[in-house]
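Protein chains in written order, with the numbering used here: chain F, 1 to 191; chain C, 1001 to 1191.
For reference, the structure discussed in these notes is given below.
Protein chains: 2
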Amino acid sequence: MPLEKTKKQVILEAAATLFRDRGYSATSMRDLAEAVDLKASSLYNHISGKEEMLKTICFQNAYRFHEELNRIETELLSTAEKIEQLVRFHIIMATEEVTSITSFNDEWRHLTEPDLSRFKELRKDYENRFKAIIESGIKDGTFKDIDPTILLHTILSSIRWVYNWYRTGRPITPTELAKEITTIVLSGINR
Amino acid sequence: MPLEKTKKQVILEAAATLFRDRGYSATSMRDLAEAVDLKASSLYNHISGKEEMLKTICFQNAYRFHEELNRIETELLSTAEKIEQLVRFHIIMATEEVTSITSFNDEWRHLTEPDLSRFKELRKDYENRFKAIIESGIKDGTFKDIDPTILLHTILSSIRWVYNWYRTGRPITPTELAKEITTIVLSGINR
DNA sequence: CCTACCGATCGGTAGG
DNA sequence: CCTACCGATCGGTAGG
């Protein structure tokens, strides 16, 4: 195991940063080459192309979310605890993987087939299983009887801005932030 | 006043649709020309360039949000009612201006200076005034004592997914949707 | 509103 | 890891 990052990892991280800042389409291979102090053609000794990098970033993150969901589904937790742990994981990802999460969130649509469909299926699967947890919470009386799809998307998107926030470097830990957002979503802002 | 849309309006709407579906950078003037049944060069008889269209879309929407905020600020309403009306307006915009709202939300970063800074200032101003309403709600005991910036972004981003939802054509009116989301944000999902 | 065309830049390859 | 270069496509203009 190498102690230092491989050149490929360095390139992938620089790509994620550029994709976040300018978007996938507006990032050129020459921009990326300059960011890692190479000529554009030399990039291809480490990566096989622009879209392959996007693909790696998108699917790596998708798999991490699925792994965590697998874990939470099999644990003996109340529905409220499951939601809380999912929210916390989303926030940890948003704060620790700031750059690649943005590509994961916003740039996946530039994937081409068949990867695009594969990615959408993974996402749909994740959402359906998240929604199933919400539905069981409604059934057992933990949550209010609100359309589970509305609930799902409201929860998921209320977390999406976090990566944006964290770049400003406010002095709050991910765990604290997770607690505040979970409170808002679960108990609302009304006193 | 013309009863029919001007060609310029038709082009702008087609541009907003393409910017939403593929992103600003990945949309070519030839794509746009094809969408409105023209040759690329003919577009320039109606618009002055690609970025001018993005600029129009972004600032038109920014002004509409500011106008509504102006109205709500001067009305005699409780803080909870102000938040509720703001949320409803966001949702109405997301459902009635589906295409241009996405460009407004996601594609503004492709503006160049000085428009980019001007747009960011407008946005910052809107957020600060929204936050001031939240802060007065915390001060007068209407809302819980949660960091107002966290509250602001959680509210704003919990609405951002709506345009995405509405494309699927679910049988729910904007007003109903606004009520559900306001309930979640104000009272939480816990029974 | 079109044909014809501009220089610039794109992702990527050949060959060393 | 570089120089040199490829065909394709970009936003936009000239001229009618």
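Backbone N, C-alpha and C fix where the C-beta goes; we use that ideal spot for every residue, glycine too.
Since the structure is predicted, the reported quantities are computational estimates derived from the model, not experimental observations.
Nearest-angstrom Cβ-Cβ length linking residue i and residue j, presumed shorter than 8 Å
i: residue 11(F); j: residue 47(F); result: 6 Å
i: residue 157(F); j: residue 185(F); result: Actually they do not touch by this definition, with Cβ atoms about 11 Å apart.
i: residue 33(F); j: residue 42(F); result: 7 Å
i: residue 1103(C); j: residue 1054(C); result: 7 Å
i: residue 83(F); j: residue 93(F); result: The pair is not a contact, with the Cβ atoms about 16 Å apart (cut-off 8 Å).
i: residue 134(F); j: residue 143(F); result: 7 Å
i: residue 117(F); j: residue 1190(C); result: About 37 Å; that fails the 8 Å criterion.
Residue i versus the options, residue with shortest Cα-Cα distance
i: residue 153(F); options: 1040(C), 1054(C), 1163(C), 1145(C); result: 1163(C)
i: residue 140(F); options: 68(F), 52(F), 80(F), 183(F); result: 80(F)
i: residue 1113(C); options: 1052(C), 1009(C), 1161(C), 1084(C); result: 1052(C)
i: residue 1174(C); options: 1182(C), 1088(C), 1104(C); result: 1088(C)
i: residue 90(F); options: 72(F), 188(F), 138(F); result: 72(F)
i: residue 1009(C); options: 1031(C), 1029(C), 1036(C); result: 1036(C)
i: residue 1136(C); options: 1187(C), 1188(C), 1077(C), 1098(C); result: 1077(C)
i: residue 1098(C); options: 1040(C), 1161(C), 1172(C); result: 1161(C)
i: residue 15(F); options: 4(F), 29(F), 111(F); result: 29(F)
i: residue 178(F); options: 171(F), 85(F), 109(F); result: 85(F)
i: residue 1106(C); options: 1171(C), 1007(C), 1062(C), 1005(C); result: 1062(C)
i: residue 69(F); options: 125(F), 7(F), 181(F), 95(F); result: 125(F)
i: residue 1171(C); options: 1013(C), 1095(C), 1067(C), 1027(C); result: 1095(C)
i: residue 1027(C); options: 1067(C), 1180(C), 1110(C), 1066(C); result: 1110(C)
i: residue 1044(C); options: 1067(C), 1007(C), 1180(C); result: 1007(C)
Beta-carbon neighbours of residue i, restricted to chain C and to distances below 9 Å
i: residue 165(F); result: 1149, 1150, 1153
i: residue 146(F); result: 1180, 1183, 1184, 1189
Within chain C, the residues that residue i reaches when beta carbons sit closer than 7 Å
i: residue 157(F); result: 1157, 1158, 1160, 1161
Closer than 7 Å at the beta carbon, the chain F residues around residue i
i: residue 1101(C); result: Near residue 1101(C) there are no residues of chain F at all, since even the closest Cβ is about 14 Å away, more than 7 Å.
Within chain F, the residues that residue i reaches when beta carbons sit closer than 8 Å
i: residue 1090(C); result: Residues of chain F passing the Cβ test: none, with the nearest at roughly 12 Å.
Contacts that residue i makes with chain F (C-beta to C-beta distance below 9 Å)
i: residue 1110(C); result: 22, 23, 26
Counting pairs of beta carbons, one from the stretch 124-136 of chain F and one from the stretch 40-55 of chain F, are three or more of them closer than 8 Å? A contact is defined here as three or more CB-CB pairs under 8 Å, and the stretch 124-136 of chain F fails this definition with respect to the stretch 40-55 of chain F.
How about the stretch 1141-1150 of chain C and the stretch 118-126 of chain F: do they share at least three Cβ pairs that are nearer than 8 Å? no
Quick check: the stretch 1018-1032 of chain C against the stretch 1058-1077 of chain C, are there 3 or more CB pairs under 8 Å? no
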